[in-house]
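**Student:** Quick note: the sequence shown uses the working numbering, first residue 64, plus one each step.
Virtual Cβ for every residue (Gly too), placed ideally from N, Cα, C.
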Amino acid sequence: MTVEAVIAPAAAGASAAADASAAAAGCGGAKQHSSQAQATQRQHAPRQALPLTLSNSLPPRLPATFDLGDGSAPVPVPADVAPLFTPLTLTGAPKKASFALTNRIVYAPLTRMRATGTIPQPTAAVYYAQRAVRGTLVITEATNISAEGYGYLNSPGLYTAQQLEAWKPIVKAVHDKGAVFFCQLWHTGRASHNDLQPHGAPPISSSARPITSPEYTVYTPTGPKPYPTPRAATREDIKRIVREYAAAAVAAIEHAGFDGVEIHGANGYLIDQFIKDSVNDRTDEYGGSIENRCRFVLEVAEAVVAAVGADRVGIRLSPFTNFLDAADGTPYATHVFLTEQLNRLGLAYLHMVEPRMAGNEERATAESLLPFRAVWKGTFIAAGGFRPGSGAQAVASGHCDLVAYGRWYLANPDFHKRVLLCAPLNPYHRDTFYSGGMEGYIDYPTLDQLKEKEKGAETGHGAK
64 MTVEAVIAPA
74 AAGASAAADA
84 SAAAAGCGGA
94 KQHSSQAQAT
104 QRQHAPRQAL
114 PLTLSNSLPP
124 RLPATFDLGD
134 GSAPVPVPAD
144 VAPLFTPLTL
154 TGAPKKASFA
164 LTNRIVYAPL
174 TRMRATGTIP
184 QPTAAVYYAQ
194 RAVRGTLVIT
204 EATNISAEGY
214 GYLNSPGLYT
224 AQQLEAWKPI
234 VKAVHDKGAV
244 FFCQLWHTGR
254 ASHNDLQPHG
264 APPISSSARP
274 ITSPEYTVYT
284 PTGPKPYPTP
294 RAATREDIKR
304 IVREYAAAAV
314 AAIEHAGFDG
324 VEIHGANGYL
334 IDQFIKDSVN
344 DRTDEYGGSI
354 ENRCRFVLEV
364 AEAVVAAVGA
374 DRVGIRLSPF
384 TNFLDAADGT
394 PYATHVFLTE
404 QLNRLGLAYL
414 HMVEPRMAGN
424 EERATAESLL
434 PFRAVWKGTF
444 IAAGGFRPGS
454 GAQAVASGHC
464 DLVAYGRWYL
474 ANPDFHKRVL
484 LCAPLNPYHR
494 DTFYSGGMEG
504 YIDYPTLDQL
514 KEKEKGAETG
524 HGAK
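Given below as structure tokens:
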């Protein structure tokens, strides 16, 4: 099955805006709305209509029912969300590991700041297991690869024996539900503070350029502070950090038991600080040209692949974000080149953030992931602003193979079931995303819990 797409930047932006306007509740195709604003055209965006033939990865026949894997009877699949409930085998070039996914829904990596220091809490096992469905790809919150990579209070790590032991029951809980579990490997780079760094050292980055926009502050043990000026990584630092990524991948898979790892190369953190020219002002082999700015991320990816195998490695990129003052003047040229180079490694997947996402907010834009999707030869995940209907449309059109859901999945542990039943979605509570504690973490109700509560209220025996 193929779909012919003629994509110019403005048309792609309208499509993205239409996806973002899809209905929040249940299944069903949402009404399509044209974008009310056009983003400024970036350099090196396609200047003419670009004819692309995008192949979706759907089977010839869409499923009539879906087994949630919880012992209940298979659930009928509404036709308009059926693309989300088709199987896909996730595998990379060596094909030593292959993961049979039963559906196209991915739990996106979401920072929650619930660790005790850098040690994952036992309640994380409950949190992830609540959202784990048989044959679903679940990606952890961003997980620090080293003490130097730490930039957010109470974010977990993967570099000490105590951290790895704490991850083991969490991984087991997700595997017990039959889900595939990848750990996202994170180094925040300049998005940190001396107060969070070993020995009070300045945080490290591609260059000695601080985050200066007033809307960004870093939370330290003594309260919020402006971001400091980082120190530029030396060549020796770069080699060491590359080794740390590889070591973290080995630790995640061989010691904690994860199925694979996702390299966090998005959203203004260390890898993105090398890729984006608004941050990287180096004059050596790691700066200047697109090839040089992509050198660090490619060295990281190559090292991780060499350590654990390409079929256990994915990567996340955000070509268009300017989060944490990390913008790129040539996002198309930069990320088409990077995508072409990553193709050589045969990764399990490429995960990209939709241009409509700016941090946690959505914006109208004329930009599109489709040029990268057209270049990429493997499994492609798109994330950012999708609802059930628009996600199904994205898979059916060939825009992506898998759809990563964040906020709506976070607020609805039984997300798959609600989509299948066209049921209303719980609203998410933004003020609890990073608040610590159990509120907004493991207390979002499922449909079954809501029914029990209603039944109890009717009989006078429900929970108060």
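(1) Determine, using beta carbons only, whether N406 and K440 come nearer to each other than 8 Å.
(2) Report the option in H414, V313, G212 and D347 whose CA atom is closest to the CA atom of L227.
(3) Which runs of the alpha helix (DSSP H) spanning at least 4 residues fall entirely within the segment 168-251, listed in chain order?
(4) Short of 8 Å in beta carbon distance, which residues of its chain neighbour V140, apart from the five on each side in sequence? Order them along the chain.
(5) Going along the chain, which residues of its own chain have a beta-carbon closer than 6 Å to the beta-carbon of E331, five neighbours each way excluded?
(6) Whole angstroms are fine: how far does the CA of E211 sit from the CA of Q225?
(7) Might you give, ordered along the chain, the residues of its own chain that have their beta carbon closer than 8 Å to the beta carbon of G89, omitting 5 neighbours on each side?
(8) Run through DSSP, which three-state label would H414 get?
(9) If you drop the 5 nearest sequence neighbours on each side, which residues of the same chain put their C-beta closer than 7 Å to that of G92?
(10) Is the segment 299-314 close to the segment 244-263, with three or more CB pairs under 8 Å?
(11) Tell me the DSSP bridge mates of A446?
(12) Under a Cβ-count criterion, where at least 16 other Cβ atoms within 10 Å of its own Cβ denotes burial, should A520 be classed as buried or exposed?
(13) Which residue or residues does DSSP assign as beta-bridge partners of P287?
(14) For the segment 322-338 against the segment 373-383, do three or more pairs of beta-carbon atoms, one drawn from each stretch, fall closer than 8 Å, so that the two count as touching?
(15) Residue range of the beta strand (DSSP E) that L380 falls in?
(16) Quick one: what does DSSP say G92 is sitting in, helix, strand or coil?
(17) DSSP state of S341, grouped into three classes?
(18) According to DSSP, which residues form a beta bridge with P139?
(19) Between the alpha carbons of A192 and P284, how many angstroms are there, rounded?
(20) Does L488 come out as helix, strand or coil in the three-state DSSP assignment?
(21) Pop quiz: P157 and A373 are said to be a contact at Cβ under 8 Å. What is the actual Cβ separation, rounded to whole angstroms?
(22) So if DSSP puts I267 in a beta bridge, which residue, or which two residues, is it bridged to?
(23) Mind reading off the beta-carbon distance from V458 to R175? Whole number of angstroms is fine, and I expect it under 8 Å.
(24) Name the two residues that bound the continuous beta strand (DSSP E) containing T165.
(25) Which whole runs of the beta strand (DSSP E) in the segment 299-331 are 3 residues long or more, in chain order?
**Tutor:** Let's see:
(1) Your numbering for residue 406 matches position 343 in the sequence shown. Your numbering for residue 440 matches position 377 in the sequence shown. Between N406 and K440, the C-beta gap is smaller than 8 Å, which places the two residues in contact.
(2) The residue given as residue 227 occupies position 164 in the sequence shown. The option with the nearest alpha carbon to L227 is V313.
(3) Fully enclosed alpha helix (DSSP H) runs of 4 or longer: 186-194 and 224-239.
(4) As a working note, residue 140 is residue 77 in the sequence shown. Cβ neighbours of V140 within its own chain (closer than 8 Å, five residues either side excluded): L125, P126, A127, T128, F129, F148 and L483.
(5) If you number the sequence shown from 1, residue 331 lands on position 268. For clarity, residue 331 is Gly in the given sequence; the question names Glu instead. So the list reads F386, L387 and A389, once near-sequence residues are dropped.
(6) The residue given as residue 225 occupies position 162 in the sequence shown. The residue given as residue 211 occupies position 148 in the sequence shown. Rounded to the nearest whole angstrom, the CA to CA distance from Q225 to E211 is 17 Å.
(7) On the sequence shown, position 26 is the one that residue 89 refers to. Note that G89 scores 46 on pLDDT, short of 50, meaning its location in the model is unreliable; the coordinates nonetheless yield the value given after this. P451, R481, V482, L484, C485, A486, P487 and L488.
(8) Sequence index remark: in the sequence shown, residue 414 carries index 351 (1-based). DSSP places H414 in the strand class (E or B) of the three-state scheme.
(9) Locating residue 92 in the sequence shown gives position 29, counting from the first residue. In this prediction, G92 has a pLDDT of 43, which is less than 50 and means its spatial position is unreliable; what the coordinates show is noted afterwards. Excluding sequence neighbours, G92 sits near D143, G452 and Q456.
(10) Result yes; three or more Cβ-Cβ pairs closer than 8 Å.
(11) As a first step, residue 446 must be located in the sequence shown, where it is residue number 383. DSSP lists V416 and A467 as partners of A446.
(12) Taking the sequence shown and counting its residues from 1, the one referred to as residue 520 is at position 457. Residue environment analysis places A520 among the exposed positions, since fewer than 16 neighbouring C-beta atoms fall within 10 angstroms of its C-beta.
(13) As a working note, residue 287 is residue 224 in the sequence shown. Answer by DSSP bridge pairing, in chain order: Y282.
(14) Yes: at least three Cβ pairs fall under 8 Å.
(15) Start at 1 with the first residue of the sequence shown, and residue 380 comes out as number 317. Note, L380: beta strand (DSSP E), V376 to L380.
(16) Translated into the one-based positions of the sequence shown, residue 92 becomes position 29. The predicted model places G92 with a pLDDT of 43, which falls under 50 and marks its position as unreliable, so this point remains unresolved.
(17) Position 278 of the sequence shown, counted from the first residue, corresponds to residue 341. If DSSP states are grouped into helix, strand and coil, S341 belongs with coil.
(18) Taking the sequence shown and counting its residues from 1, the one referred to as residue 139 is at position 76. For P139, DSSP records a beta bridge to T128.
(19) In the sequence shown, counting from the first residue as 1, residue 192 sits at position 129. In the sequence shown, counting from the first residue as 1, residue 284 sits at position 221. The alpha-carbon of A192 is positioned some 30 Å away from that of P284.
(20) By 1-based counting over the sequence shown, the position of residue 488 is 425. L488: coil per DSSP, three-state reduction.
(21) Residue mapping note: residue 157 aligns to position 94 of the sequence shown, counting from 1. Residue mapping note: residue 373 aligns to position 310 of the sequence shown, counting from 1. Right, the Cβ-Cβ distance comes to about 6 Å (below 8 Å), so this counts as a contact.
(22) Sequence index remark: in the sequence shown, residue 267 carries index 204 (1-based). Residue pairing by DSSP places I267 opposite R294 in a beta bridge.
(23) Taking the sequence shown and counting its residues from 1, the one referred to as residue 458 is at position 395. Taking the sequence shown and counting its residues from 1, the one referred to as residue 175 is at position 112. Wrong, their Cβ atoms sit about 27 Å apart, outside the cutoff.
(24) Taking the sequence shown and counting its residues from 1, one reaches residue 165 at position 102. Neither: T165 is in no beta strand (DSSP E) and is coded neither H nor E.
(25) Correct list: 323-328.
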